[in-house]
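Residue numbers (the working numbering): 39 to 143. Even glycine gets a Cβ: it sits at the ideal position worked out from N, Cα and C.
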Amino acid sequence: MTFDDIAGMGPLYAVIVAVAFLIAFLVAAWLVRWRASRRRATVYALAGAAAVLMTLLLMRATFDITAIAGTRTLAGVLVQGLMGAVGGYVFARLSGSRGPARSPI
Numbered sequence: 039m040t041f042d043d044i045a046g047m048g049p050l051y052a053v054i055v056a057v058a059f060l061i062a063f064l065v066a067a068w069l070v071r072w073r074a075s076r077r078r079a080t081v082y083a084l085a086g087a088a089a090v091l092m093t094l095l096l097m098r099a100t101f102d103i104t105a106i107a108g109t110r111t112l113a114g115v116l117v118q119g120l121m122g123a124v125g126g127y128v129f130a131r132l133s134g135s136r137g138p139a140r141s142p143i
């Protein structure tokens with residue numbers, strides 16, 4: 039992989055994954071709010087993994103190509119999914135639900 043490959047595909051892949059995360063995290067937020075508030079980090083991690091895996095599978099099915107060379111093997115796909123799960127977990131931890139706002143008085 040060359041710098042030109044990264045520079046050419048990186049921004050496009052980032053936008054595609056960002057849209058997938060947006061959809062997945064909106065669904066995760068709804069699930070956490072109505073069903074699984076105690077398992078917030080787990081729900082977001084699963085949503086992140088699902089978002090990345092669905093993105094890869096849909097790109098392969100739609101364009102009949104493997105957009106990311108590392109995902110030509112099952113191991114590569116699983117690693118990408120794992121990184122999506124890490125992204126979802128980090129998002130859940132950084133955006134953690136905060137208690138009600140308190141008055142400074």
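In this model, residue 96 and residue 122 are separated by some 15 Å (Cα to Cα). For the options 69, 120, 67, 78, the alpha carbon positioned closest to that of residue 92 is the one of 120. Per DSSP, reduced to three states, the secondary structure at residue 58 is helical. Here DSSP, grouped into helix, strand and coil, assigns residue 88 to helix. Inter-residue distance for residue 71 and residue 57 is about 21 Å (C-alpha atoms, whole angstroms). The residues 105, 106, in chain order, have a CB closer than 8 Å to that of residue 51 in the same chain once the five nearest residues on each side in sequence are set aside. Leaving aside the five residues that flank residue 65 on each side, the residues in its chain whose CB is nearer than 8 Å to its CB run, in chain order, 85. With a cutoff of 9 Å on beta-carbon distance, residue 63 and residue 83 are scored as not near each other.
In this structure, 94 is the residue among 128, 42, 124, 94 with its C-alpha nearest to the C-alpha of residue 112.
For the 9 Å CB-CB criterion, residue 130 and residue 78 form a contact.
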